[in-house]
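*Asks:* Residue 60 in the working numbering sits at position 60 of the sequence shown; the count goes up by one each step and never skips.
Just so it is clear, CB atoms sit at the ideal spot from N, CA and C, and this is done for glycine as well.
Below you'll find the structure I mean.
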Amino acid sequence: MLRIAREDFDRICAQALAEYPHECCGLLVEDMPSGVSAVHTCTNVQQQRHEEDPKHYPRDASTAYLIDAGEQLRIEEAAEKTGGRVSGCYHSHIDCAAYFSAEDERRTWIFNSREAGDDPDDPDAMYLVLSVYGEETSSQRKVQGYKCFAWDGSRYAETGVEIV
Ligand SMILES: [Zn+2]
């Protein structure tokens with residue numbers, strides 16, 4: 001179960017709409033003991049990597065996200081200093097539904113060094129996925145839905161989102 005403040009959830013939606021037609025991304029940092037996760041927006045560096053090295057990064061940012069490792073480390077260190085922890089990450093899907101794709105599962109390495117078939121090192125990590133559909137003008141763009149996924153002991157399954 002992901003617990004997130006309304007204003008933070010709204011910030012993710014605004015970021016997802018603003019960065020369309022690229023996927024947006026960021027990290028969730030859980031405050032202790034409230035259990036509420038705060039949002040830290042990140043730059044989706046996938047587009048830059050794709051342009052620099054399309055052989056190793058065949059997807060552009062319309063179908064993939066990549067959080068800059070340095071940015072992730074800074075957020076992790078700041079979270080530890082305040083007694084919190086990185087509880088997961090979020091990203092948007094462009095013109096398709098909010099689901100946990102095979103590519104999303106491959107990218108859980110962001111939190112662990114998991115090989116296919118292994119249990120995750122961080123089984124508590126949550127992955128929030130938003131679905132954004134765009135029209136020609138930005139005012140017609142919409143976050144159509146969202147779902148959160150977490151490891152259930154054998155696979156990534158949908159878990160609840162409580163907006164507080
Ligand atoms: Zn995805």
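Excluding five sequence neighbours on each side, which residues of the same chain lie with their C-beta closer than 6 Å to the C-beta of Glu-30?
*Replies:* Counted from its first residue, the sequence shown places residue 30 at position 30. Cβ within range, chain order: Ser-37, Gly-84, Arg-85 and Ser-87.
*Asks:* Take Tyr-20 as the anchor and find which of Gly-35, Ala-78, Lys-142 and Arg-11 has the nearest alpha-carbon.
*Replies:* Here residue 20 corresponds to residue number 20 of the sequence shown, with the count starting at 1. Closest by alpha carbon: Lys-142.
*Asks:* How would you write the range of the beta strand (DSSP E) that Glu-158 sits in, first residue to last?
*Replies:* Sequence index remark: in the sequence shown, residue 158 carries index 158 (1-based). Glu-158 -> beta strand (DSSP E) spans 156 to 159.
*Asks:* Measure the C-alpha to C-alpha separation of Asp-68 and Asp-104 and round it to an integer number of angstroms.
*Replies:* Position 68 of the sequence shown holds residue 68. Position 104 of the sequence shown holds residue 104. Approximately 16 Å between the Cα atoms of the pair.
*Asks:* Could you tell me which uninterrupted alpha helix (DSSP H) segments, each at least 4 residues in length, are contained entirely in the region 81 to 150, listed from first to last along the chain?
*Replies:* Within the region 81 to 150, the complete alpha helix (DSSP H) runs of at least 4 residues are 102 to 106.
*Asks:* I need the residues with a C-beta less than 5 Å from some heavy atom of ligand 1; please give them in chain order.
*Replies:* Any residue whose Cβ sits closer than 5 Å to a heavy atom of ligand 1 makes the list: Ser-101 and Asp-104.
*Asks:* Report all residues from its chain with a CB closer than 7 Å to the CB of Ala-102; omit the five preceding and five following residues, and keep chain order.
*Replies:* If you number the sequence shown from 1, residue 102 lands on position 102. Correct list: empty, nothing qualifies.
*Asks:* Report the residue from Ala-97, Ser-62 and Glu-135 whose alpha carbon sits nearest the alpha carbon of His-22.
*Replies:* As a position in the sequence shown, residue 22 is number 22, starting the count at 1. The shortest Cα separation from His-22 among Ala-97, Ser-62 and Glu-135 belongs to Ser-62.
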